[in-house]
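Residues are numbered in the working numbering as their position in the sequence shown, beginning at 1, plus a constant of 1198.
Cβ atoms here follow ideal geometry from the backbone N, Cα and C, with glycine treated the same way.
All of these numbers come straight from a predicted model, not from anything done at the bench.
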Amino acid sequence: MTRRTPRLSRLRRVVPEGNGGKGDPGGKGGRPAEARGGRPRRRGTQPKVVALGGGMGLSASLAALRRITGDLTAVVTVADDGGSSGRLRDELGVLPPGDLRKALAALCGDDDWGQTWARVIQHRFQSQGDLHEHAVGNLLIVALWEQLGDHVQALDLVGRLLGAQGRVLPMSAVPLELQALVKGHDPARPEAVDTVRGQATVALTPGEVQSVHLVPNDPPAVPEAVAAVLDADWVVLGPGSWFSSVIPHLLVPELLDALTQTKARRVLSLNLAPQPGETEGFSPQRHLEVLGRHAPKLALDVVLADEAAVPDRDSLTDAAKRFGAAVELAPVAGPDGTPRHDPELLAAAYDRIFRMHGRIGPWR
């Protein structure tokens, strides 16, 4: 199949007023890495990129990012409690493997080996028995966890088997429960605020999600995930289910500390449309507002959005300025009209952003 050429020239930049340099909030973009407290970059090296999220949103981001860097780490939420992952979690007490499996599949190459293994680990059994709807990759990951007794080592081994073009890490080594405060969860009491438990339930809840938190509320981060964030050149947050896949990373204290302390630049990738139930009726700027409420100290450098999904550019620009970020508008949606990112267009947008904001010498 012939690949399309990424359309870098179609990226449109919206810059907040009063920034410190052209296209650069705070005047950081034109300064070398060492002047920002980072490491000098050798010519010809690739950017170290860490992507945070879960589910199909993270998969879309990884499928794009693997096209532009070979130094890629995914840090994946572990609060899923539905489907095959939920059943394995309940029966064996393990981390939910589903989002980790999806991330590994997204990192598989486009050659026959990579695409064959991507299909194999995503394959679900169809039967009348206990194996029904279990994903092959979930069983493989859990089996290696039990054999090796080490989450990270097992995921690295699966990645080598698949020829994954990057590394996949859980954000925490303990299974987490997501809980949300939801206004109007019970239609008979539209003004009441109830606690809704479980990621699968939160993702589809009626009513308006006010906030989310994790149980336990102070979960330990996986040390390798913290180290990857601190050592990164770029950290990418989103797209994905806002309350159940994106925000949970900000609720792990050690991971949030790393995100606030890292010398990396941080880009937030917005969704193409509100998600029914979880963010019904949310504008792009409201996504930023709820993110800020959960992590008021978080700073961003760039907010990436599809131009067609932003009806009020000024309001989004104002919301981004509160994080110290510029807004980049680019065509990143797939051609079929569904709210799914096109991997090549998203890769083009990320590549352009990495080059425009603080790039020191060629990475490729």
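Give me the Cα-Cα distance between residue i and residue j, rounded to the nearest whole angstrom.
i	j	result
A1528	E1289	44 Å
Q1351	V1372	16 Å
M1554	V1356	35 Å
D1169	V1407	This structure cannot settle anything about residue 1169, because the visible part of the chain is limited to 1199 through 1562.
D1512	A1518	10 Å
R1484	E1505	16 Å
W1315	Q1326	25 Å
P1541	R1520	29 Å
K1461	T1515	23 Å
V1410	L1298	21 Å
G1405	P1474	10 Å
D1348	F1441	28 Å
M1254	G1296	11 Å
R1287	R1550	40 Å
R1365	A1272	6 Å
A1545	L1260	9 Å
Q1313	E1478	34 Å
T1267	R1387	50 Å
W1343	V1488	35 Å
I1339	S1282	12 Å
P1294	A1419	15 Å
L1453	V1276	13 Å
K1495	P1245	25 Å
W1432	A1258	17 Å
R1265	V1530	15 Å
D1278	L1329	19 Å
I1319	P1472	29 Å
E1389	K1381	6 Å
P1421	P1385	43 Å
G1335	T1458	33 Å
L1486	G1532	23 Å
Q1324	A1301	23 Å
R1285	A1524	42 Å
R1463	L1402	32 Å
F1552	L1337	37 Å
F1480	L1374	26 Å
E1331	G1252	20 Å
W1311	A1341	22 Å
R1317	D1309	12 Å
T1243	D1510	38 Å
Can you pull the DSSP bridge partners for residue i?
i	result
R1463	W1432
Q1377	R1395 and H1411
H1539	A1531
L1498	DSSP output for L1498 lists no bridge partner at all.
L1250	V1273 and L1435
R1322	A1333
A1503	L1527
A1584	Residue numbering for the chain in the displayed model covers 1199 to 1562; residue 1584 lies beyond these limits and cannot be assessed.
E1406	K1381
Can you tell me the Cβ-Cβ gap for residue i and residue j, rounded? I've got them flagged as a contact below 8 Å.
i	j	result
V1508	P1482	5 Å
L1256	L1263	Going by Cβ atoms, the distance from L1256 to L1263 rounds to 10 Å, so no, they are not a contact pair.
A1333	H1321	7 Å
A1547	L1502	6 Å
V1247	A1493	Contact flag wrong, Cβ pair sits at about 20 Å.
V1400	L1379	With a Cβ gap of about 10 Å, V1400 and L1379 do not count as contacting.
M1369	V1450	6 Å
L1498	G1522	7 Å
G1490	A1398	At roughly 26 Å, the Cβ-Cβ gap does not stay under 8 Å, so G1490 and A1398 are not in contact.
V1274	L1367	7 Å
L1250	H1447	5 Å
E1526	V1500	6 Å
- prompt: Is the number of C-beta pairs between the region 1437-1444 and the region 1465-1476 that are closer than 8 Å three or more?
  reply: The region 1437-1444 vs the region 1465-1476: in contact.
- request: Any chance you could list the alpha helix (DSSP H) runs of at least 4 consecutive residues sitting entirely within the region 1324-1391, in chain order?
  value: DSSP runs (the alpha helix (DSSP H)) wholly in the region 1324-1391: 1334-1346 and 1349-1360.
query: Would you call the region 1418-1426 and the region 1390-1410 in contact, with 3 or more CB pairs under 8 Å?
result: No: the two stretches stay apart, fewer than three of their Cβ pairs being nearer than 8 Å.
message: Between the region 1531-1539 and the region 1400-1419, can you find at least three pairs of beta-carbon atoms closer than 8 Å?
response: No contact exists between the region 1400-1419 and the region 1531-1539.
- prompt: Does the region 1297-1312 come close enough to the region 1359-1373 that 3 or more CB-CB pairs lie under 8 Å?
  reply: Using a C-beta cut-off of 8 Å, the region 1359-1373 makes contact with the region 1297-1312, since at least three inter-stretch Cβ pairs fall below that distance.
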